[in-house]
Amino acid sequence: MTANTGSVASSPLATGGRISEIDMMRGFVIVLMALDHVRDYFLGGPGMAGIGGNLLDPTTTTPALYITRWVTHLCAPTFVLLTGVSAYLQFAKGKSTAQLSRFLVTRGLWLIFLEMTVISFGWSFGFPYPFFMQVIWAIGFSMLALAALIWLPRQAVLAIGIIIVAGHNLLDPLSAEQLGMVWSFLHDGGPVFVGGAPVGLFAYPVLPWIGVAALGYGLGGVFTEPSEKRTRTIFMFGLAMLFAFLVLRGSMIYGDPAFTTGPEGEWRDWRTQSSMGAAFMVFFDVQKYPPSLQFALVTLGIMFTLWPLFARLRGPVASVLNTFGAVPFFFYVLHIYLIHLLAIAANAAAGNNPEGLFNYMINVFVSPEKLEGLGFSLGWVYLAWIIVLALLYPLCRYWQGLKARRRDWWLSYL
Numbered sequence: 005m006t007a008n009t010g011s012v013a014s015s016p017l018a019t020g021g022r023i024s025e026i027d028m029m030r031g032f033v034i035v036l037m038a039l040d041h042v043r044d045y046f047l048g049g050p051g052m053a054g055i056g057g058n059l060l061d062p063t064t065t066t067p068a069l070y071i072t073r074w075v076t077h078l079c080a081p082t083f084v085l086l087t088g089v090s091a092y093l094q095f096a097k098g099k100s101t102a103q104l105s106r107f108l109v110t111r112g113l114w115l116i117f118l119e120m121t122v123i124s125f126g127w128s129f130g131f132p133y134p135f136f137m138q139v140i141w142a143i144g145f146s147m148l149a150l151a152a153l154i155w156l157p158r159q160a161v162l163a164i165g166i167i168i169v170a171g172h173n174l175l176d177p178l179s180a181e182q183l184g185m186v187w188s189f190l191h192d193g194g195p196v197f198v199g200g201a202p203v204g205l206f207a208y209p210v211l212p213w214i215g216v217a218a219l220g221y222g223l224g225g226v227f228t229e230p231s232e233k234r235t236r237t238i239f240m241f242g243l244a245m246l247f248a249f250l251v252l253r254g255s256m257i258y259g260d261p262a263f264t265t266g267p268e269g270e271w272r273d274w275r276t277q278s279s280m281g282a283a284f285m286v287f288f289d290v291q292k293y294p295p296s297l298q299f300a301l302v303t304l305g306i307m308f309t310l311w312p313l314f315a316r317l318r319g320p321v322a323s324v325l326n327t328f329g330a331v332p333f334f335f336y337v338l339h340i341y342l343i344h345l346l347a348i349a350a351n352a353a354a355g356n357n358p359e360g361l362f363n364y365m366i367n368v369f370v371s372p373e374k375l376e377g378l379g380f381s382l383g384w385v386y387l388a389w390i391i392v393l394a395l396l397y398p399l400c401r402y403w404q405g406l407k408a409r410r411r412d413w414w415l416s417y418l
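This is the structure:
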């Protein structure tokens with residue numbers, strides 16, 4: 005008998021049902037993710053990727069740009085946490101530990117492969133393209149790690165997740181300059197060089213994200229509780245995480261590395277800002293690359309406190325979020341290609357030369373001048389975002405129905 009066998013035999017999930025709140029939560033962050041990626045390709049001026057604009061820097065941003073960028077911080081930690089939760093729920097639905105472990109290995113390797121091929125090309129539209137290793141890559145490696153961790157008792161996986169999420173900032177003094185590319189892959193992130201030439205970017209170093217996935221798996225038992233108890237527990241978790249964030253951020257004693265900005269390279273401390281607005285912006289400007297403890301606390305804390313809203317949400321909005329959240333990977337692949345194609349078409353129609361949108365990722369990091377003159381104002385970004393969601397909804401609805409009607413093994417990989 006494995007460490008997990010039999011612990012959820014009475015769970016209603018054993019019948020194969022879905023928890024609608026999870027799909028709606030995932031759908032909510034998918035909608036925000038689409039906004040972030042539309043902004044990457046459509047926003048002109050200093051806000052376009054690669055042209056030097058930090059949308060969270062109070063000295064250069066506006067409130068609208070700041071909020072547009074900041075809310076999308078909710079996406080990655082929610083996706084990765086729900087990866088762990090979903091893994092546990094598959095066990096709750098009847099998969100053995102061995103079956104679940106095999107699935108996590110094969111699904112994880114499949115996601116990593118697609119991130120390096122189909123998805124990286126979709127970001128670039130050019131050959132040779134750089135490997136853009138971000139959230140799908142992180143989810144893939146998190147699945148590989150979970151394939152081993154799930155042989156432990158769930159409480160042990162939870163403890164490992166807490167230790168990694170809470171403790172990995174203790175490793176910040178170590179650097180890739182000291183430990184090499186393996187440390188970039190695990191913790192620091194950054195460009196990947198082969199033979200002195202840049203070939204890709206570790207945008208999402210895997211160690212902190214493995215911690216988030218393990219945390220999700222460890223909390224999986226909460227999601228099998230009766231609805232009312234589940235909602236109350238998750239909401240209280242969210243309040244506790246937000247309280248911990250406020251304590252750590254207010255004291256600035258731990259959990260988010262100091263960073264520099266501007267020509268003088270001064271340490272940006274929220275307590276020394278010249279205005280209340282600037283102090284607010286810096287207070288919530290926590291490190292995402294790699295995700296700091298404070299980043300995890302504030303983003304997951306917000307999402308957990310929103311859980312009661314998802315539990316009560318009904319009507320068309322709930323239906324749309326449920327559809328997007330039920331087919332996240334299908335949406336993810338399609339939306340990258342659709343946004344990229346629409347950006348090329350929109351710039352060409354506006355009389356801009358869209359050449360810089362081919363080999364886009366290389367231009368972002370090596371030739372940002374090729375992106376100058378492209379893009380549109382923020383209002384047009386939001387319009388393009390709505391168009392993208394409207395175009396993808398019927399396709400996702402069809403795919404959701406197909407997955408509900410059929411049980412072909414390959415559908416679980418898409």
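Following the working numbering, the numbering of the sequence shown begins with 5 at its first residue and continues without gaps.
The C-beta atom is built at its ideal place from N, Cα and C for all residues, glycine as well.
Bear in mind the structure is a predicted one, so any value in this text is a computation, not a measurement.
In chain order, what residues of the same chain have a beta carbon less than 6 Å from the beta carbon of threonine 76, not counting five sequence neighbours either side? Leu36, Asp40
Sequence-distant residues of the same chain with beta carbon closer than 7 Å to isoleucine 23, five excluded per side: Phe227
Report the rounded CA-to-CA distance for serine 128 versus leucine 115, giving the unit in angstroms. 18 Å
Would tyrosine 402 be called buried (16 or more neighbouring beta carbons within 10 Å of its own) or exposed? exposed
Cα-Cα separation between leucine 418 and aspartate 273, rounded to whole angstroms: 44 Å
Note down the Cα distance separating histidine 339 from valine 251, rounded to an integer number of angstroms. 38 Å
Buried or exposed: which applies to proline 294, given that a residue is buried once 16 or more other Cβ atoms fall within 10 Å of its Cβ? buried
Neighbourhood of tryptophan 213 by C-beta, 6 Å cutoff - its chain only, sequence neighbours within 5 removed: Val84, Ala142, Ser146
Just grab the DSSP bridge partners of valine 198 for me. Ala201
Okay, do the region 349-361 and the region 371-391 touch, 3+ Cβ pairs below 8 Å being the bar? yes
Assign tryptophan 414 to buried or exposed, taking buried as 16 or more other Cβ atoms, counted over all protein chains shown, within 10 Å of its Cβ. exposed
Whole angstroms are fine: how far does the CA of phenylalanine 287 sit from the CA of leucine 297? 14 Å
Measuring CB to CB, does tyrosine 3 end up less than 9 Å from isoleucine 154? Within the shown structure, residues of the chain are numbered from 5 to 418, placing residue 3 beyond reach of any answer.
Could you check what DSSP says for leucine 39 in three-state terms: helix, strand or coil? helix
Residue range of the beta strand (DSSP E) that phenylalanine 131 falls in? No beta strand (DSSP E) holds phenylalanine 131; DSSP gives it neither H nor E.
My guess is that tyrosine 397 and valine 324 are in contact by the Cβ rule of under 8 Å, so how many angstroms apart are they, rounded? 7 Å
What are the start and end residues of the alpha helix (DSSP H) that includes glutamine 404? 382-409
Is the beta carbon of valine 337 less than 9 Å from the beta carbon of isoleucine 167? no
Should phenylalanine 117 go down as buried or exposed, given a rule of 16 or more other Cβ atoms within 10 Å for buried? exposed
Residues of its chain near alanine 163, where Cβ-Cβ distance is below 8 Å and the 5 sequence neighbours each way are ignored: Gly222
Assign phenylalanine 308 to buried or exposed, taking buried as 16 or more other Cβ atoms, counted over all protein chains shown, within 10 Å of its Cβ. buried
Once you ignore the five residues that flank threonine 303 on each side, which residues in its own chain have a CB closer than 6 Å to its CB? His77, Leu78, Pro81
Could you tell me the distance, in whole angstroms, from the CA atom of phenylalanine 106 to the CA atom of glycine 126? At residue 106 the sequence reads arginine, which differs from the phenylalanine that was named. Each residue's alpha carbon lies about 29 Å from the other.
Boundaries of the alpha helix (DSSP H) in which lysine 233 is found, first to last residue: 231-255
Less than 8 Å between the CB atoms is what I'm expecting for serine 188 and alanine 180, so what's the real figure, rounded? 4 Å
Hey, how far is the Cα of alanine 102 from the Cα of glycine 329? 27 Å
Run the CB neighbour count on leucine 174, radius 10 Å, all protein chains shown included, and call it buried at 16 or more, exposed below. exposed
By a C-beta neighbour count over all protein chains shown, 10 Å radius and 16 as the cutoff for buried, is valine 203 buried or exposed? exposed
To the nearest whole angstrom, what separates the beta carbons of valine 290 and aspartate 260, a pair I think is in contact under 8 Å? 5 Å
Use the C-beta contact count for glycine 405: other C-beta atoms within 10 angstroms, 16 or more gives buried, fewer gives exposed. exposed
Looking at C-alpha atoms only, which residue of Thr235, Gly49, Met365, Tyr92 is the closest neighbour of tyrosine 133? Met365
State the start and end residues of the unbroken alpha helix (DSSP H) segment that holds leucine 223. Segment: none, leucine 223 is in no alpha helix (DSSP H) and carries neither H nor E.
Span separating the alpha-carbon of alanine 435 from that of leucine 69: Any property of residue 435 remains undetermined from this structure, which presents the chain solely from 5 to 418.
Take phenylalanine 241 and list the residues in its own chain whose beta-carbon comes closer than 7 Å to its own, dropping the five residues that flank it on each side. Phe308
On the DSSP letters alone, give me the boundaries of the alpha helix (DSSP H) that tryptophan 74 sits inside. 67-74
Check whether the Cβ atoms of glycine 144 and glycine 112 lie closer than 9 Å to each other. yes
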